[in-house]
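Right, one structure below, let's go through it.
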Amino acid sequence: MAEDAAPFDNIDSETASLILQLQLADVQELRDRSKDKQRHGELTDDQVALSLLEQDLERVRCVISDRQMTQSIADAVRTDAEAIAGVVQEEEVACEDHTLAHRLNGSDVTSAVRLQSDALNEQVLARLAGQYISEDMGHELFDGTRAGRTRDSAETTQAESSAEAAHRGGRNPDPRRLQCVACSENKAYLDVIEVVCGHAYCIPCLQELIDLATKDETLFPPRCCKEPFNMSEVGLFLTKELRDQFDHAKVEFGTRDRTYCSETNCSAFILPDRIEQDTATCPKCLTATCVICKQGAHGGDCPDDPALRETLDLALQNVDAARNSAMSVVVDGKSADASSGTRIDCSLEPMSW
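In full-length UniProt numbering, the protein residues as written are 1 to 353.
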């Protein structure tokens, strides 16, 4: 996936930071020298240009700062890899002991803690290192991961024929290039991420798949071979906009009684935290929607409220029961049947006391 090089990509972080610092100082000096006088609150064209340049320089400086932090984290992970592996192993043992203890007590409980495989974590680290630090470091980590996988595979699988080996090797002769299962193209490992089932997706195909999943509930959560993606790792290779889109879809598809904006030209999903007293306010167009009837908000009780309907039905049942019931009364010394206080019939025979 060829892309234009970003500013300062080929310069080390310390030199880039110094260049940016000098450029920002030049901007401030030019601003101080500006003697153009405008009305209060108005800027000259030169001042606007300086402000825009300063904003661009600050954005680049933020990117470089993030890159330095990423490199520091990656270096720490590489340095402390053995210690981290030891902690992970201890956690795995603790999880197994927890599960065994429950089984001995007669309860079949599986630990909720699920640890990722070391190989998959190393692959993600290799790709991040290749993208944000240097390709050499990425290649070093990637080759080490591949070598470990090859040894594990050789120990756990049976011997294969020479024809099978030739066929397997012919599929991807370059171990630093992987075939995307979606577009069937061989891509550099930096541009490919392997998901839980082992299939690989190039970054554009991965982003397109997740974008479709956030718009079609039948495709959510995004998965391959019926195995949901590990979004904690896949998310590292998505844009912030797409990550936010995924998080929004996760809440939407996970909500049982959903409320969408009643404005037909909007119809946006309204998050639960935007609902107050059965009224949902759309964050986009600010239209108020009744969460019960899903129509525009209205005053008073909603006719579609199940609780209100149940109360009214119960009241009507009581009224009907009262109307159908009769009682004996005495009118002018004669027996009479009355319903709800209304005279119905009178007998001709006098009451016998």
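Glycine residues also receive a C-beta, built at the ideal position from the N, C-alpha and C atoms.
Residues sharing a beta bridge with residue i, DSSP
i: residue 187; result: 178
i: residue 223; result: 228
i: residue 200; result: 194
i: residue 275; result: 280
i: residue 296; result: 289
i: residue 269; result: 260
Closest residue to residue i among the options (Cα-Cα distance)
i: residue 52; options: 70, 64, 71 and 28; result: 28
i: residue 190; options: 140, 225, 220 and 68; result: 140
i: residue 176; options: 244, 126, 223 and 222; result: 126
i: residue 195; options: 223, 209, 185 and 215; result: 223
i: residue 55; options: 205, 259 and 23; result: 23
i: residue 12; options: 67, 292, 213 and 220; result: 67
i: residue 296; options: 264, 273 and 274; result: 264
Environment of residue i [buried if 16+ CB atoms lie within 10 Å]
i: residue 33; result: exposed
i: residue 301; result: exposed
i: residue 262; result: buried
i: residue 93; result: exposed
i: residue 289; result: buried
i: residue 214; result: buried
i: residue 205; result: buried
Simplified DSSP state of residue i, which is helix, strand or coil
i: residue 11; result: coil
i: residue 302; result: coil
i: residue 17; result: helix
i: residue 236; result: helix
i: residue 255; result: coil
i: residue 99; result: helix
i: residue 50; result: helix
i: residue 244; result: helix
For residue j and residue i, the rounded distance between their alpha carbons
i: residue 236; j: residue 248; result: 17 angstroms
i: residue 270; j: residue 281; result: 7 angstroms
i: residue 276; j: residue 185; result: 50 angstroms
i: residue 230; j: residue 64; result: 28 angstroms
i: residue 202; j: residue 180; result: 5 angstroms
i: residue 402; j: residue 278; result: Missing from the structure shown is residue 402; the chain here goes from 1 to 353 and no further.
i: residue 18; j: residue 60; result: 12 angstroms
i: residue 199; j: residue 208; result: 16 angstroms
i: residue 268; j: residue 303; result: 24 angstroms
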